[in-house]
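Novice: If you use the UniProt record's numbering, the sequence shown corresponds to residues 1 to 581, in order.
Every residue, glycine too, gets a C-beta built ideally from N, C-alpha and C.
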Amino acid sequence: LVKPTSVFQSLLNLSPEQRKTAIQSAQKEETHMDRVAPMSIKEFSFEYFRQPGKAVGRGAGKERLWACSRDPLKQPLLKSLVGNSDLSQQACLSFIAILKYMGDYPVKHARSPMELTDQIFGPPTQHEELRDETFCQIMKQMTSNNNRLSLENGWQLLWLCCGLFPPSGALLRHTQRFLESRPREPLAADCLQRLQGMLRMSPRKLPPHQVEIDAIQQNSTQIFHKVHFPNDTEEIFEVATATKIRDLCHSIANKLMLVSPDGYSLFVKTPDKVVSLKDEDYFFDCLRQITDWSKKAKKVKEGVQQSMPYVVFFMRKLWFNVSPGRDVLADLTFHFPQELPKYLRGYHRCTKEDVINLAGLLFRVKVDTDRSQFVMIPRMLKDLLPTDQLKAASPEDWKKNIIASYNKQAGMTVDEAKVAFLKVISQWPTFGCTFFEVKQTSMPKLPNIIRLAISKQGVMVIDPRNKTNRRRSEGRRTVERRLPVNNVLSEDCRKTTPLAPCPFLLPLQHSTAPEISPIHTPPPVTSLDSFLSHLLWGPAVACLTPGPSPPPNGQHSSSTLEGQTDGNFFQHSTLEEKTAC
């Protein structure tokens, strides 16, 4: 039992007449609040709008530029834009898109909501001068608008607008009063909160993403997005329109209870590239930019709404201060599934004793304590040994050695075996490296295919025949002179990136090869050192990180997993996925 509040007790002590009087006074106050006239931008228009023209219709006076109108604008509302023909034209086209979105303009062919929001918010995200114009156009159409459906669509636009950029100081007070004078509107308070948040942050760089539009059209101001992990698991996380990559990374690390969020990053996998997202960028700006690239590559027709498949991954990107066993959750979720494929592909240099020991650990990871699976070892060798070691002994010899190694590890759990595997390979200089396989045509003493291994220690040029670091053995100047680099880029990126004219290194088609997306255009690359310098520390560092190698046995990874978005990322994300292993 809970003791009643003092207010409730005072009501119980009132006589029937006193209660009736209290109820009537409360109703009068509520009626008074309802009768408060909603504020408009009329006062703002007197100083900042152009001179109004004559309204359409017999006997009509001057047009009310600050109130709802179904007629397209022939000039922008703000007088500061009238003298700029380009911005004036964009403002008038944006107003027509607002009319179409709100249902106040006849259309011959239905346009997708995202196409209309691009026309509305695309120009002001690129031109600061148009931001006040966009706010004014939306609030104008929401003033004296008796069409409830049109008004609801207007609130959707205002909600989106408040999460993209703030109005100027001159318009801010009028916008706040516009929202505060409509307390009964469901989106008014949220618009005000988003507006105040944008005042403390930098504006968005791109129009709203499809996920944001789908959310607000279903009257949901909460957006949830699915994030995948390298160990074939996923979680749902709430993301706001003002969520930055750094914020989401910290949120994920906290939810997973990782020891530290340092070194982790978000990656987006599309059908044609894997891109690492920059910490300071907005989450939805990144998604929008990447999916737009893919659409342009596929030359999607205008007016055709096509969802672009993509998957968001959270993985370790920087391998500094990684000590297996210190953060077991990180070892199991990230380190083991990200490092295992590199080992199985034969990227590391190791002894036969290490191979046997690790094979026993990997066999325990596969079967746990099921000793009946010993007979299956010859068929499982591809999942237990590096590819270059498969023919080093007969399958029966490998089976005998693996069983002996397995028996020495009696009592070890699957998770302990994974950590033990990491403890062994973490002693190697190539642990945590990102590998690039490239084809070289200028050095006859090296094989056609060489590897670049990049880690916190620096860059290694590896001869895959003996896995030696040729960069160290031959010397920096020798390698630089003999390995001038054109690029290691995808064909699409070559068309947009200025590079040196002579192709000495050509890209090798491989699932671990990086796809460099033109967020930033790197300068011309003329030597191996300059290429590696830009690769590691240059402006394109966020675009040069390849996705993880695909795990064996059909496990998901960013190199093999495709996701199809269906727009349902709010409330319950229903990201469908399929493997292409």
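By Cβ distance, which residues of its chain are closer than 8 Å to GLN18, with the 5 residues on each side in sequence left out?
Specialist: Taken in chain order, the list of residues that qualify is empty.
Novice: Could you tell me which residues DSSP pairs with LYS226 in its beta bridges?
Specialist: ILE236
Novice: With a 10 Å radius around its C-beta and 16 neighbouring C-beta atoms as the bar for buried, classify ARG481 as buried or exposed.
Specialist: Because the pLDDT of ARG481 is 31, which lies under 50, any placement of that residue in the model is unreliable, and the number read from its coordinates should be weighed accordingly. ARG481 is exposed by the Cβ-count criterion.
Novice: If you reduce the DSSP assignment to three classes, tell me which class SER559 lands in.
Specialist: The pLDDT assigned to SER559 is 27, lower than 50, so where the model puts this residue is not dependable, and the model offers no usable value.
Novice: Taking 8 Å as the cut-off, decide whether the C-beta atoms of residue 583 and LEU87 are in contact.
Specialist: Residue 583 lies beyond the residue range present for the chain, which begins at 1 and ends at 581; the question has no answer from this structure.
Novice: Name the residue from GLU339, ILE138, GLU396 whose alpha carbon lies nearest to the alpha carbon of LEU362.
Specialist: GLU339
Novice: If we ignore side chains and look at the alpha-carbon of each, how far apart do LYS79 and LEU65 end up?
Specialist: 12 Å
Novice: For GLN440, count neighbouring C-beta atoms within 10 Å of its own C-beta (all shown protein chains included) and say buried if the count is 16 or more, exposed if not.
Specialist: buried
Novice: Could you pull out every residue in the same chain whose Cβ sits closer than 6 Å to the Cβ of ASN13, ignoring the five residues on either side in sequence?
Specialist: none
Novice: Please state the DSSP three-state secondary structure of ARG173.
Specialist: helix
Novice: So that I know if they touch, is there some Cβ in chain D lying closer than 8 Å to that of ALA420?
Specialist: Absence of chain D from the displayed structure is noted, only one protein chain being present.
Novice: Could you check how far apart the C-beta atoms of THR125 and PHE165 are, in whole angstroms? I think they sit under 8 Å.
Specialist: 7 Å
Novice: Excluding five sequence neighbours on each side, which residues of the same chain lie with their C-beta closer than 6 Å to the C-beta of ASN401?
Specialist: ILE356
Novice: Scan the UniProt domain "MyTH4" (68-217) and note each continuous alpha helix (DSSP H) run of 4 residues or more that stays entirely inside, going in chain order.
Specialist: 85-102, 113-126, 131-141, 148-162, 169-180, 188-199, 210-217
Novice: Please determine, among VAL274, PRO16, LYS269, PHE178, the residue with the shortest C-alpha to C-alpha distance to ALA67.
Specialist: Looking at the Cα atoms, PHE178 is the closest of the given residues.
Novice: Among the candidates ALA393, ASP397, VAL365, THR369, whose CA atom is the shortest distance from the CA of ASP383?
Specialist: VAL365
Novice: So, helix, strand or coil for PRO514, using DSSP?
Specialist: For PRO514, the predicted structure reports a pLDDT of 33, less than 50, and the residue's modelled location is therefore unreliable. The matter cannot be settled from this model.
Novice: For the region 234-246 and the region 192-205, state whether three or more C-beta atom pairs, one from each stretch, are separated by less than 8 Å.
Specialist: yes
Novice: Suppose you measure from the CA of PHE314 to the CA of THR143; what does that come to, to the nearest Å?
Specialist: Cα to Cα, the separation comes out at about 45 Å.
Novice: Tell me the residue span of the alpha helix (DSSP H) that contains MET380.
Specialist: 377-380
Novice: Residues in its own chain within less than 7 Å of SER251 by CB, not counting five upstream and five downstream?
Specialist: PHE237
Novice: Buried or exposed: LEU344, going by 16 or more other Cβ atoms within 10 Å of its Cβ?
Specialist: buried
Novice: Go to LEU361, then tell me how far its beta strand (DSSP E) extends in each direction, as first and last residue.
Specialist: Run containing LEU361: none in the beta strand (DSSP E); it sits in the alpha helix (DSSP H), 352-367.
Novice: Which residues mark the beginning and the end of the beta strand (DSSP E) in which ILE449 is found?
Specialist: 449-455
Novice: Quick check on PHE320: buried or exposed, where buried means 16 or more other Cβ atoms within 10 Å of its Cβ?
Specialist: Around the beta-carbon of PHE320, fewer than 16 other beta-carbon atoms lie within 10 Å, marking it exposed.
Novice: Among the residues of its own chain, which have a CB less than 8 Å from the CB of VAL268, if the five just before and after it don't count?
Specialist: Contacts found: VAL274, VAL275, LEU277, CYS286, LEU287, ILE290, TYR310, VAL311, VAL312, PHE313.
Novice: Between which two residues does the beta strand (DSSP E) harbouring ASP463 extend?
Specialist: Residues 458-463.
Novice: How far does the beta strand (DSSP E) with ARG316 in it extend, from its first residue to its last?
Specialist: 311-316
Novice: Identify whether PHE336 lies in helix, strand or coil by the three-state DSSP scheme.
Specialist: helix
Novice: Can ASP281 and ILE245 be called in contact, C-beta distance under 8 Å?
Specialist: yes
Novice: I need the straight-line Cα distance from PHE374 to GLN218, nearest angstrom please.
Specialist: 55 Å
Novice: I'd like the span of the alpha helix (DSSP H) that includes VAL322, first residue to last.
Specialist: Where VAL322 is concerned, there is no enclosing alpha helix (DSSP H), given that its DSSP letter is neither H nor E.
Novice: Are the beta-carbon atoms belonging to PHE284 and HIS209 less than 8 Å from one another?
Specialist: yes
Novice: Can you look up THR413 in the DSSP assignment and give me helix, strand or coil?
Specialist: coil
Novice: If you follow the alpha helix (DSSP H) that LYS408 is in, where does it begin and where does it stop?
Specialist: 395-408
Novice: Rounded to whole angstroms, what is the Cα-Cα separation between GLU47 and PRO38?
Specialist: 20 Å
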